[in-house]
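Undergrad:
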RNA sequence: GGACUCGUGGCUUAGCCAGGAUAUAGCGCUGGACUUCUAAUUCAGAUGUCUCGGGUUCGAAUCCCGACGGGUCCGCCA
């Protein structure tokens, strides 16, 4: 059974079009496009054929259209200017869409298994304080992408790369071990520890003795001192636990954690350095090994890329090369979700990994920063909006709305709805924007529950659920009874879901899925307005509409699930 | 200074990779729809030199070059 109900129509249209074209003596191939509203379902442009056949495009379209025989899949095919447009027979489409969704249900939209195992590395934030809204774009993109790629038939593993070797983590540990906090500490561990990091950073900047102590700790750490490693890791783990707790609330979970220090302590970084040292494109300068980037097309001041310090100790990107070699040996594809500040580094790590003999590429996805209206966010300076505060605020606002709209619901139900709406709205509002566009964080946008938002989709899903709750189960349905334009438009939308998932996976972009979810919800709302279900004219029409409602509910559910957003039965 | 990236109604945004038929939507604005399966909904209307200038093309929001504006990077930090 076909997973994609549109595929059979598309193939048929292509075959008919090319048969007609062959009849005119042309071997040319044309790819169908999606025409504007009301002009059918597949459009074949005839511009490219104009040159070969030496006739105007509109002429060719008319001839081809005339040569296409009547076909049961299509209600009509017509030439419209320079295009040949195919209109899918609405009854056939309705039938194909409904049977595809109702057969696959929760799995509708999933592709056949590829047999490939992928790793999506995301978040990987320095464990020196709680996640802020700027960084939150990373886990939301990463988790959504993992869900999309999984529906595309891959086995997907998500991983958090824990940077436990950085100066920031040592600074945090120095703070925890040397500073005494006055007053009450915040309850959540990451929020409690960030004070030590901020305070230690401040002291380090004004007091050279503090700086010296921290530098001494770093030196010891780099000599692979196990005791200090344990002290630093302990604090990293505490902050990490706080971060993952916040993310869990948005249904973001990690399958594994890779600790940066591991690659130092188990000797893989040393092996990587030995191999790099032997290459022609590396050289040393006062004991420091560097990679000459000029021959890779990266010129200017950044053409010398340092791999070690003068004392031979490794640098961040070198350790990243070791990590990526390990990843690529374990998985068929390695995808990294990275902030735009990592663009150059990611390129260099990619070059390094290739030089070290790895054939598979690292596939980075970049996103631009989320800033505040008054400037960029910084944990060190404390100019941030913490993710936890945003979640609290969003859930509280959702709670107010539920209280206002559904006072009769039980306490437990209201709490569950507020949580789903509050966290869903955050995920949606971040994922709906293309990753590479920069965003300015505004509370009013982040807490938008109307229009293009998660609650809009959740609300439509709840409406569908409500109808199904009140209806008695139908035995069978006749898709031919569904002929209202709103019903047809909705069915066409439902039929598109598998190709939307595929497109998101191929282009590795998540914002298209949010847009699709919104479109389906909007189509469902129009159907809801135009076509009464429970009080339909007769029993047969009611059953057919119940089938359409059921299918719509599954598609909205699947789209929301792929976006990592809960779909409550009631709102 | 060099490199990368983004620039689409008042605000936010899709389309750009694979150029083609009236540029997608949301917010906001004006006006309408709750005796109707949940109005977090819906309908109508106003709002655009697709940053600017060149080029390629029968045809450019889309490709190329240049400029301008925002962001980011250019450390033996991470």
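Residue numbers (this note's numbering): 33 to 603.
Ideal Cβ placement from N, Cα and C applies to all residues, glycine included.
Small disclaimer: the values here were computed from a predicted structure and weren't measured.
1) Based on DSSP bridge pairs, tell me the residues matched to residue 403.
2) Our contact map puts residue 529 next to residue 488 with C-beta atoms below 8 Å; I'd like the distance itself, whole angstroms only.
3) Taking the alpha-carbon positions, what's the residue 539 to residue 177 distance?
4) For the candidate residues 187, 123, 173, whose alpha-carbon lies nearest to that of residue 145?
5) DSSP three-state label for residue 154, please.
6) Whole alpha helix (DSSP H) runs in the region 299 to 348 with 4 or more residues, listed along the chain?
7) Exposed or buried, what is residue 515 when buried is set at 16 or more other beta-carbons lying within 10 Å of its beta-carbon?
8) For a minimum of 3 consecutive residues, which ranges assigned as the beta strand (DSSP E) are wholly contained in the region 109 to 175?
9) Whole angstroms is fine: what's the gap from residue 486's alpha carbon to residue 533's?
10) When you compare the CB positions of residue 129 and residue 37, do they come within less than 7 Å of one another, or not?
11) Please report how far the alpha carbon of residue 108 lies from the alpha carbon of residue 67, in whole angstroms.
12) Excluding five sequence neighbours on each side, which residues of the same chain lie with their C-beta closer than 8 Å to the C-beta of residue 15?
13) In terms of residue numbering, what span does the beta strand (DSSP E) encompassing residue 284 cover?
14) For residue 348, count neighbouring Cβ atoms within 10 angstroms of its own Cβ and tell me buried if that reaches 16, exposed if not.
15) Within a Cβ cutoff of 7 Å, which residues of the same chain sit near residue 33, ignoring the five residues on either side of it in sequence?
16) Would residue 271 and residue 225 qualify as a contact pair, given that the criterion is a beta-carbon distance under 7 Å?
17) Please state the DSSP three-state secondary structure of residue 597.
18) How many Å lie between residue 164 and residue 411 at the Cα?
19) Can you tell which of 152, 79, 262 has the C-alpha that lies nearest to the C-alpha of residue 116?
20) Might you give, ordered along the chain, the residues of its own chain that have their beta carbon closer than 7 Å to the beta carbon of residue 288, omitting 5 neighbours on each side?
21) If you measure between the beta carbons of residue 472 and residue 405, is that distance less than 7 Å?
22) Return the CA-CA distance between residue 510 and residue 563, expressed in angstroms with no decimal places.
23) With DSSP as the reference, label residue 396 as helix, strand or coil.
24) Taking Cβ positions, are residue 523 and residue 56 nearer each other than 7 Å?
25) Take residue 193 and list the residues in its own chain whose beta-carbon comes closer than 6 Å to its own, dropping the five residues that flank it on each side.
26) Considering only the beta carbon of each residue, do residue 354 and residue 385 sit closer than 7 Å?
27) Leaving out five residues before and five after residue 222 in sequence, what residues of the same chain have Cβ atoms less than 7 Å from its Cβ?
28) According to the neighbour-count rule (16 or more other Cβ atoms, all chains shown, within 10 Å of its Cβ), is residue 396 buried or exposed?
29) Below 8 Å, how does it come out for the region 356 to 373 and the region 428 to 448: are there three or more Cβ pairs, yes or no?
30) Taking Cβ positions, are residue 546 and residue 463 nearer each other than 7 Å?
31) Would you kindly check if the distance between the Cβ of residue 252 and the Cβ of residue 246 is under 7 Å?
32) Using the Cα positions of residue 201 and residue 215, report the straight-line distance between them to the nearest angstrom.
33) To the nearest angstrom, report how far apart residue 43 and residue 96 are at their CA atoms.
34) So, helix, strand or coil for residue 98, using DSSP?
TA: According to the structure shown:
1) Sequence index remark: in the first chain, residue 403 carries index 371 (1-based). DSSP output for residue 403 lists 472 as bridge partner(s).
2) Reading the first chain from its first residue, position 497 is the one you call residue 529. Reading the first chain from its first residue, position 456 is the one you call residue 488. Actually they are not in contact, since the Cβ atoms of residue 529 and residue 488 sit about 17 Å apart, beyond 8 Å.
3) On the first chain, position 507 is the one that residue 539 refers to. On the first chain, position 145 is the one that residue 177 refers to. Rounded to whole angstroms, residue 539 to residue 177 spans 10 Å at the Cα level.
4) On the first chain, position 113 is the one that residue 145 refers to. Checking every option, the nearest Cα to that of residue 145 belongs to 187.
5) Along the first chain, read from residue 1 onward, the residue named residue 154 stands at position 122. It is coil, neither helix nor strand.
6) 300 to 309
7) Walking along the first chain from the start, residue 515 turns up at place 483. Exposed is the call here.
8) 115 to 120, 149 to 153
9) Counting from one through the first chain, the residue named residue 486 turns up at place 454. Counting from one through the first chain, the residue named residue 533 turns up at place 501. Straight-line Cα distance between these residues: approximately 18 Å.
10) For this step, residue 129 is matched to residue 97 along the first chain. For this step, residue 37 is matched to residue 5 along the first chain. Contact: yes.
11) For the purposes of this step, residue 108 is taken as residue 76 along the first chain, with counting starting at 1. For the purposes of this step, residue 67 is taken as residue 35 along the first chain, with counting starting at 1. About 15 Å.
12) Nothing about residue 15 can be reported from this structure: the residues present for the chain run from 33 to 603 only.
13) Residue mapping note: residue 284 aligns to position 252 of the first chain, counting from 1. No beta strand (DSSP E) holds residue 284; DSSP gives it neither H nor E.
14) Numbered from 1 along the first chain, position 316 holds the residue referred to as residue 348. Exposed, because fewer than 16 other Cβ atoms sit within 10 Å of the Cβ of residue 348.
15) As a first step, residue 33 must be located in the first chain, where it is residue number 1. Summary for residue 33: the model assigns pLDDT 46, below 50, so the residue's position carries little reliability; its value from the coordinates is reported in the next sentence. Excluding residues within five positions, the ones whose Cβ falls inside 7 Å are 135.
16) On the first chain, residue 271 is found 239 positions in, with the first residue counted as 1. On the first chain, residue 225 is found 193 positions in, with the first residue counted as 1. Yes, they are a contact pair.
17) Along the first chain, one-based indexing puts residue 597 at 565. Reduced to three states, the DSSP call for residue 597 is coil.
18) Counting from 1 along the first chain, the entry for residue 164 is found at position 132. Counting from 1 along the first chain, the entry for residue 411 is found at position 379. Their backbone Cα atoms lie some 8 Å apart in a straight line.
19) The residue labelled residue 116 in the question sits at position 84 within the first chain. Of the listed residues, the one whose Cα sits closest to residue 116 is 79.
20) Here residue 288 refers to the residue found at position 256 of the first chain. Closer than 7 Å at Cβ, skipping near neighbours: 189, 191.
21) The residue labelled residue 472 in the question sits at position 440 within the first chain. The residue labelled residue 405 in the question sits at position 373 within the first chain. Closer than 7 Å, so yes.
22) As a first step, residue 510 is located in the first chain; it is residue number 478 there, counting from the start. As a first step, residue 563 is located in the first chain; it is residue number 531 there, counting from the start. Rounded to the nearest angstrom, the two C-alpha atoms are 16 Å apart.
23) On the first chain, residue 396 is found 364 positions in, with the first residue counted as 1. Strand, per DSSP.
24) To locate residue 523, count along the first chain from 1; it is residue 491. To locate residue 56, count along the first chain from 1; it is residue 24. Against a cut-off of 7 Å, the Cβ pair of residue 56 and residue 523 comes out as no contact.
25) Numbered from 1 along the first chain, position 161 holds the residue referred to as residue 193. Contacts found: 153, 156, 290.
26) Your numbering for residue 354 matches position 322 in the first chain. Your numbering for residue 385 matches position 353 in the first chain. The answer is no: Cβ separation not under 7 Å.
27) In the first chain, counting from the first residue as 1, residue 222 sits at position 190. Cβ within range, chain order: 161, 162, 271, 274, 275.
28) Numbered from 1 along the first chain, position 364 holds the residue referred to as residue 396. Buried is the call here.
29) no
30) Within the first chain, the letter at position 514 stands for residue 546. Within the first chain, the letter at position 431 stands for residue 463. Yes, the pair counts as a contact, with Cβ atoms nearer than the cut-off.
31) For the purposes of this step, residue 246 is taken as residue 214 along the first chain, with counting starting at 1. For the purposes of this step, residue 252 is taken as residue 220 along the first chain, with counting starting at 1. No, Cβ-Cβ distance for residue 246 and residue 252 is not below 7 Å.
32) For the purposes of this step, residue 201 is identified with residue 169 of the first chain, where counting begins at 1. For the purposes of this step, residue 215 is identified with residue 183 of the first chain, where counting begins at 1. Roughly 24 Å separates the two Cα atoms.
33) On the first chain, residue 43 is found 11 positions in, with the first residue counted as 1. On the first chain, residue 96 is found 64 positions in, with the first residue counted as 1. Their Cα atoms are separated by approximately 17 Å.
34) Locating residue 98 in the first chain gives position 66, where the first residue counts as 1. Helix at residue 98.
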